[in-house]
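In what follows, a single structure is set out as structure tokens and then discussed.
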Amino acid sequence: MATELRTGKYIYNMKHRPRGKCVILNNYDFQNFLDRREGSNMKHRPRGKCVILNNYDFQNLLQRRNGSQLDVQHLDRLFRAFSFEVIIHQNKTKSEIEELLKQLSGEQFQKDADCFVFIIMSHGKMDVFYDVEKEEISIQWVIERFNNVNCPTLY
0 MATELRTGKY IYNMKHRPRG KCVILNNYDF QNFLDRREGS NMKHRPRGKC
50 VILNNYDFQN LLQRRNGSQL DVQHLDRLFR AFSFEVIIHQ NKTKSEIEEL
100 LKQLSGEQFQ KDADCFVFII MSHGKMDVFY DVEKEEISIQ WVIERFNNVN
150 CPTLY
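End of the sequence shown sits at 154 in numbering that gives the first Met the number 0; the numbers just go up one at a time, nothing left out.
So, in structure tokens, the structure goes:
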């Protein structure tokens, strides 16, 4: 069994046997993901938790992301249709995002759930996204909040 999961340029160390897969997608490699024919067992109800972070109002520091609230409504409807618990957070500062991730990674993920989804909708660059004050947050840092060391109950 492999001890690493490689997704794009990220390497994820899997010390414990994973219950599923960690898939990191951005708009650059999404099509490649769709082209693969892989699947997971998703039989539990609820299937898991989907947390959506939507930063759309950047206090005139960046262009407002008009239309993203409609995207959130569509994602909410989609994941609820797939029997996920959906939680939506909007317009967060870096410290609020750090606190949210600390809270989420500290949760006791149930063994009777199949999946955890964290969706980030914001302005940004290839390896970072912006909080509402245009502070950069590393995607790698977010991913590390949910590894087997920082979030062992997810595995």
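Glycine included, every Cβ here is placed at the ideal spot set by N, Cα and C. Bear in mind the structure is a predicted one, so any value in this text is a computation, not a measurement.
Contact check, residue i vs residue j, beta carbons under 7 Å
i: Y55; j: R64; result: yes
i: S104; j: C49; result: no
i: T152; j: Q89; result: no
i: L77; j: I51; result: no
Identified DSSP bridge partners for residue i
i: K101; result: Paired residue(s): none; K101 is not in a bridge.
i: Q89; result: N53
i: G66; result: Note: G66 sits in no beta bridge, so no partner.
i: C150; result: The partner list for C150 (beta bridge, DSSP) is empty, contrary to what the question assumes.
i: E84; result: K48
i: I96; result: None, per the DSSP bridge assignment.
i: E135; result: Y129
Distance between residue j and residue i (C-alpha atoms, nearest Å)
i: M120; j: A80; result: 20 Å
i: N53; j: I86; result: 11 Å
i: M125; j: R46; result: 30 Å
i: H122; j: F145; result: 22 Å
i: Q58; j: I142; result: 27 Å
i: K42; j: D113; result: 7 Å
i: I138; j: E84; result: 23 Å
i: L69; j: Y154; result: 33 Å
i: S82; j: Q72; result: 15 Å
i: L61; j: W140; result: 23 Å
Nearest-angstrom beta carbon gap, residue j and residue i [assumed within contact, 8 Å]
i: V127; j: I136; result: 6 Å
**OP:** Take every Cβ of the stretch 93-102, pair it with every Cβ of the stretch 132-146, and state whether three or more of those distances are shorter than 8 Å.
**Re:** Yes: at least three Cβ pairs fall under 8 Å.
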